[in-house]
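The sequence shown begins at 1 in the UniProt record's numbering and counts up by one. Virtual Cβ for every residue (Gly too), placed ideally from N, Cα, C. All remarks here apply to the structure that follows.
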Amino acid sequence: MKMKELEKVTGVNRETIRVYLREGLVPQPERSGRTVADYGDQHVEAIRAVRRLQRENRLTLAQIKTLVTGSMTEKRINESAFDDLETLVSHRANSDQTPVLLKTLVGQYPKAIEDARTLCEIGIIDITDTAHGEALSVTSAQLVSIWGEMRKAGFNETLDYSPEVLGHYIDASEFVGRWEAKTFLDHVEGRIDVNEAARMVEVAFPLMLNFFGLMRRRAFFRHVEAIQHEREIEEPTLGRLPK
């Protein structure tokens, strides 16, 4: 398709599309001549992904570019954003650009390579070998970056913390994820169309992540208090964590 049709399909004007192209967030078009550019489904998907990231997650183009490289931003990102980020990376990869190179995380997180390999060994992420070096998906890079932030907060070898402790999340996430998937399909399959189901999932995911997060937080402090109480009976000098 030509630019005029691309504008119509995406609802985005050509000036904005050209900005996306210039910033490297949308792959370059196929060119059959010096002034003839052809666009396809990958361009439509990439443009729509950028627009959703801007509108639904209030991200700037600079923040989107940062996240696509696997680095973190100061802005809290909803889990729902990562499907769109993966879409952008997949189209970059199809344009002979790699996913997030593991070595690019080392500047911000010195232990990134070590942590990524540990997370890979316990089954949380996958590492891909490319011509440019070991690489991660955007989601996997974000998981490594999150542990890097945990290290900065003090969760490190000094307190015998390593990424291996995250293995406990594997079974828990699989259990919750499978239950949610089955429950959702049991309620909607055959009752609503695919587009409506997709819309519901987009709305529900961030809401239920917040819901579960609040329940976890409440459970954490309840168990901290209970465990401390048990230990105080045996060891009265143990201090209490502030709530």
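Q. Is residue 23 helix, strand or coil when you go by DSSP?
A. coil
Q | residue 22 to residue 39 span [Cα, whole Å] | A | 15 Å
Q. Do the segment 147-165 and the segment 111-122 meet, that is, are 3 or more Cβ pairs less than 8 Å apart?
A. yes
Q.
Is it buried or exposed, residue 151, if we count other Cβ atoms within 10 angstroms and call 16 or more buried?
A. buried
(Q) Assuming residue 31 is part of the beta strand (DSSP E), what are its boundary residues? (A) 30-33
**Q.** CA nearest to the CA of residue 26, picked from 36, 35, 10
**A.** 10
(Q) I need the boundaries of the alpha helix (DSSP H) containing residue 177, first residue and last residue. (A) 168-188
Q. Roughly how many angstroms separate the alpha carbons of residue 218 and residue 7, rounded to a whole number?
A. 48 Å
Q) In angstroms, rounded to a whole number, what distance separates the CA positions of residue 100 and residue 229? A) 46 Å
Q. Using DSSP with H/G/I as helix, E/B as strand and the rest coil, what is residue 133?
A. strand
Q: Provide the residue span of the beta strand (DSSP E) that contains residue 36, from first to last.
A: 36-38
Q | Exposure of residue 177, with buried meaning 16 or more beta-carbon neighbours within 10 Å | A | exposed
Q.
Within 10 Å of its beta-carbon, does residue 57 have 16 or more other beta-carbons around it, so buried, or fewer, so exposed?
A. buried
Q. For residue 126, does the count of other Cβ atoms within 10 angstroms reach 16, so buried, or fall short, so exposed?
A. exposed
Q. Can you list, in chain order, the residues of its chain whose CB lies under 6 Å from that of residue 97, leaving out five sequence neighbours each side?
A. With a pLDDT of only 46 at residue 97, under 50, the local geometry of the prediction cannot be trusted, and the value read off the model is given with reservation. Taken in chain order, the list of residues that qualify is empty.
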